[in-house]
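Peer 1: Protein chains in written order, with our numbering: chain R, 1 to 143; chain A, 1 to 143.
We put the CB at the ideal spot given by N, CA and C, even for glycine.
None of the values given here were measured: they were computed from a predicted structure.
If you scroll down you'll find the structure; I have some questions about it.
2 protein chains.
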Amino acid sequence: MDQVDTSFLQTLVGYGARRVSLAAIASFLPRMAAYELRPVEFSVLSLIHHNPGITSRQLCSVLNIQPPNLVGMLQHYEKKRGLIERRPHPSDGRALGLHLTTAGRQLARKAEHAASQNDAQVTARLSAAERRTLLRLLEKIYL
Amino acid sequence: MDQVDTSFLQTLVGYGARRVSLAAIASFLPRMAAYELRPVEFSVLSLIHHNPGITSRQLCSVLNIQPPNLVGMLQHYEKKRGLIERRPHPSDGRALGLHLTTAGRQLARKAEHAASQNDAQVTARLSAAERRTLLRLLEKIYL
DNA sequence: TATTGTTATACTCTATAACTATA
DNA sequence: TATAGTTATAGAGTATAACAATA
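Following this line, the structure appears as structure tokens:
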């Protein structure tokens, strides 16, 4: 037994998506270490970047994460790294609107560029047309 | 702010693959709870099913998991659930060949059927041709 | 000297329960 | 009463270091 038969698992989209996700994360981690951003942290920063004033509840809803797991991250970004500001929400006194500072915007831009480069590297075996098709088919499932 | 702009993240295959993977796992868990199999456990059982005599080292290599994380799982399958047997490896005295028992084979067959049904449900919005294309493009990345 | 399987352990990620302030 | 944000905590899941037996 030297060759392993994985043909059944290969018939499952869930298996393929998981393998690709793990491969993407494996190359994402060292590349984004320079920005001290892990996958979920990057997603949060990018969403605040493109949605100034977004609330933590909205972030949780969009990214399917639990509110308690966001608290420490946001506090760290605000107090230790000076990347975000939390301002009172204009219409809801309970909520806080999230905004990037100038430093946060600069980091978000660089990090998004690096993330795009990483994704291009992960999908290097695909043609441009194949990559577009893959993005579209994945969205059709999760969106 | 009621609509959240996720257009940047949607340009990343890594993001899409992660979202699809999480969606697949979310429906996998309750469905496979009847068989007491979580995703990695199912992959291990299915690989032993289709590769009788496979070693734990090979499983780790194929599934990208660490040996220590397999030990408890295999012991549980052997001693508590009677799903697998470990026999001396024919040519390597250090290794053990993994085999399914009759009960293990029956469970593997049922679990694989359920996993296929789950995957069909997760990809229900895709046509048969789209699903084949998606499987092929994912393999092109991770294989 | 390298590898298989194992033990013990630590770290990361994610989930649940309960609280406060406001709606 | 319901929701936003928070705290404390528990549980998965995964990773590292070191060991005995065999190659």
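(1) Measuring alpha carbon to alpha carbon, tell me which residue in A:Tyr15, A:Gly97 and A:Ala120 is nearest A:Arg87.
(2) At a CB-CB cut-off below 8 Å, which residues of chain R make contact with A:His113?
(3) Within 8 Å (strictly less), CB to CB, does A:Glu41 reach chain R?
(4) Please return the same chain residues whose Cβ sits closer than 7 Å to the Cβ of A:Tyr77, not counting the five positions on each side in sequence.
(5) In this structure, how does DSSP classify A:Ile48 when only helix, strand and coil are distinguished?
(6) Tell me the DSSP secondary structure of A:Arg87 in three-state form.
(7) Let me see if you follow: with CB-CB separation under 8 Å, is A:Asp119 close to chain R or not?
(8) In chain order, what residues of the same chain lie with their CB nearer than 8 Å to the CB of R:Ala26, ignoring the 5 residues before and after it?
(9) Helix, strand or coil for A:Gly72, going by three-state DSSP, please let me know.
(10) Using the three-state DSSP reduction, which class does A:Ile65 fall into: helix, strand or coil?
(11) What is the rounded straight-line gap between the Cα of R:Asp147 and the Cα of R:Ser46?
(12) Can you give me the C-alpha to C-alpha distance between A:Asp2 and R:Ser43, rounded to a whole angstrom?
(13) Under 7 Å Cβ-Cβ, which residues of chain A neighbour R:Tyr35?
(14) Does DSSP put A:Gly161 in a helix, in a strand, or in coil?
(15) To the nearest angstrom, how far is the alpha carbon of R:Glu156 from that of R:Ile65?
(16) Which residue from R:Lys80, R:Arg81 and R:His99 puts its Cα closest to that of R:His89?
(17) Measure how close the beta-carbons of A:Leu74 and A:Ser56 come, nearest whole angstrom, since I'm counting them as under 8 Å.
(18) For R:Ala24, count the other beta carbons within 10 Å of its own beta carbon; 16 or more makes it buried, fewer makes it exposed. Which is it?
(19) In the DSSP assignment, find the beta strand (DSSP E) that holds R:Gly97 and state where it starts and stops.
(20) Using CA coordinates, which residue listed in A:Leu22, A:Leu138 and A:Leu59 is at the minimum distance from R:Tyr142?
(21) Say whether the segment 127–136 of chain R touches the segment 97–116 of chain R, bearing in mind that this needs 3 or more beta-carbon pairs closer than 8 Å, one atom from each stretch.
(22) Give the range of the alpha helix (DSSP H) segment to which A:Leu137 is assigned.
Peer 2: To lay it out plainly:
(1) Taking only the C-alpha atoms, the option nearest A:Arg87 is A:Gly97.
(2) At a C-beta separation below 8 Å, A:His113 has no neighbours in chain R, since its nearest C-beta there lies roughly 11 Å away.
(3) Answer no: the Cβ-Cβ gap between A:Glu41 and chain R never drops below 8 Å.
(4) Taking C-beta separations shorter than 7 Å and ignoring five residues to either side along the sequence, the partners of A:Tyr77 in its chain run Leu83 and Ile84, following chain order.
(5) Per DSSP, reduced to three states, the secondary structure at A:Ile48 is helical.
(6) Note: A:Arg87 maps to strand in three-state DSSP.
(7) For A:Asp119, the answer is yes, since a Cβ of chain R falls inside 8 Å of its Cβ.
(8) Around R:Ala26: no qualifying Cβ.
(9) In this structure, A:Gly72 counts as helix in the three-state DSSP scheme.
(10) Three-state result, A:Ile65: coil.
(11) Residue numbering for chain R in the displayed model covers 1 to 143; residue 147 of chain R lies beyond these limits and cannot be assessed.
(12) In this structure, the alpha-carbon of A:Asp2 lies about 18 Å from that of R:Ser43.
(13) Within 7 Å Cβ-Cβ: nothing; R:Tyr35 doesn't reach chain A, min ~15 Å.
(14) With chain A covering only 1 through 143, there is no way to say anything about residue 161 of chain A.
(15) No information on residue 156 of chain R is available, as it lies outside the stretch 1 to 143 that chain R covers here.
(16) Nearest Cα to R:His89 within the set R:Lys80, R:Arg81 and R:His99: R:His99.
(17) In this structure A:Leu74 touches A:Ser56 by the C-beta definition: roughly 6 Å separates them, less than 8 Å.
(18) Classification for R:Ala24: buried.
(19) Counting along the chain, the beta strand (DSSP E) containing R:Gly97 begins and ends at Leu96 to Leu100.
(20) That would be A:Leu22, whose Cα lies nearest to the Cα of R:Tyr142.
(21) Touching, no, given that fewer than three Cβ pairs across the two stretches are closer than 8 Å.
(22) Unbroken alpha helix (DSSP H) run through A:Leu137: Ala128 to Tyr142.
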